[in-house]
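A quick write-up on the structure given underneath.
In the UniProt record's numbering, the protein residues as written are 1 to 227.
Now the structure itself:
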């Protein structure tokens, strides 16, 4: 049974979602503000977090920044009552794995959670073989990238993208195929989630010594790692 931490100040919605998710086999802990969420996270880390953008004692985005510093690979799905593009962009830039606007369909939330959790289950990684290309190496079993001697902290989605791209350097991977690997789902119309994860990954890895971007886009074909 997966342990889920649900962080939202809307108590009625939280109760509804918790009831649904428990019926779907999740063990749900609920927090209604940032302070109680931080206390819960300081104890036993959950398997995944559902986090609202707006909290009564601060921004959920600030809590997300803290989460990413302490638990970079913890799956986090953001919720927002506003559902504005800026909220989605900020959440994804700060490392959220996925995003849903409220009011959300509990079935859609369940499907998104199961998709992201499948990627962290034992045996879900395609290979335990260390991938190396130039000064970059990646360990699928640990989800850790190294640039020379420097470790690069990656989110779950970023690590899955990097693993896929390093598996066939120089060869473009279709965006839908990458989305399936990174998000556990297909992209929808106007969905920029994958592009934001790629942008974050580019920033973390930086460019090659000669200034070339490590991750390139091929129009109509997808993304590839440039050796």
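Where is the CB? At the ideal position from N, CA and C, for every residue including glycine.
Pairwise C-alpha distance: residue j and residue i
i           : j           : result
residue 186 : residue 172 : 17 Å
residue 167 : residue 191 : 25 Å
residue 72  : residue 48  : 12 Å
residue 40  : residue 19  : 20 Å
residue 42  : residue 212 : 41 Å
residue 66  : residue 3   : 20 Å
residue 7   : residue 162 : 29 Å
residue 25  : residue 64  : 25 Å
residue 50  : residue 142 : 24 Å
residue 155 : residue 32  : 25 Å
residue 35  : residue 203 : 30 Å
residue 17  : residue 196 : 27 Å
residue 148 : residue 175 : 29 Å
residue 118 : residue 56  : 32 Å
residue 240 : residue 140 : Within the shown structure, residues of the chain are numbered from 1 to 227, placing residue 240 beyond reach of any answer.
residue 178 : residue 38  : 32 Å
residue 23  : residue 104 : 17 Å
residue 194 : residue 159 : 13 Å
Spatial neighbours of residue i in its chain, beta-carbon cut-off 6 Å, leaving aside the 5 residues before and after
i           : result
residue 116 : 75, 97 and 184
residue 88  : 99
residue 207 : 213
residue 221 : 172
residue 126 : Confidence at residue 126 is low in this model, with a pLDDT of 47, below 50, so the placement of that residue should be treated as unreliable; the coordinate-derived value is given next. Excluding residues within five positions, none has a Cβ falling inside 6 Å.
residue 21  : 28
Option in the options with minimal Cα separation from residue i
i           : options               : result
residue 201 : 63, 182, 88 and 108   : 182
residue 188 : 219, 214, 213 and 100 : 100
residue 28  : 149, 59, 14 and 199   : 14
residue 218 : 63, 208 and 169       : 169
residue 10  : 177, 69, 102 and 107  : 102
residue 209 : 134, 175 and 37       : 134
residue 79  : 38, 194, 5 and 22     : 5
7 Å Cβ shell around residue i - same chain, five flanking residues per side excluded
i           : result
residue 61  : 53, 90, 91 and 94
residue 165 : 173, 215, 223, 224 and 225
Span of the beta strand (DSSP E), counted from its first residue to its last, around residue i
i           : result
residue 76  : 76-80
residue 193 : No beta strand (DSSP E) holds residue 193; the alpha helix (DSSP H) holding it covers 193-205.
residue 101 : 98-101
residue 242 : The structure shown does not extend to residue 242, since the chain spans only 1 to 227, so no value can be given for it.
residue 136 : 136-139
For residue i: DSSP bridge partner residues
i           : result
residue 59  : 54
residue 150 : 147
residue 27  : 3
residue 49  : 5 and 76
residue 171 : Paired residues: none, contrary to the question.
residue 209 : None, per the DSSP bridge assignment.
residue 190 : Residue 190 is not bridged to any residue.
Span of the alpha helix (DSSP H) around residue i
i           : result
residue 222 : Taken as a continuous stretch (DSSP letters only), residue 222 belongs to no alpha helix (DSSP H), being part of the beta strand (DSSP E) at 222-225.
residue 39  : 34-42
residue 158 : 156-167
residue 109 : 106-118
Same chain, Cβ closer than 8 Å to residue i, five either side skipped, listed in chain order
i           : result
residue 137 : 130, 131, 145 and 146
residue 151 : 144 and 145
residue 77  : 48, 49, 50, 51, 96, 97, 98, 99, 100, 109, 112, 113 and 116
residue 1   : 25, 26 and 27
Proximity test, residue i beta-carbon vs the ligand NAD heavy atom, cut-off 7 Å
i          : result
residue 44 : In the structure shown, the ligand NAD is absent, as is every other ligand, since no ligand is present at all.
is_contact[residue i, chain B] using C-beta, thresh 8 Å
i          : result
residue 25 : Absent from the structure is chain B; it holds one protein chain and no more.
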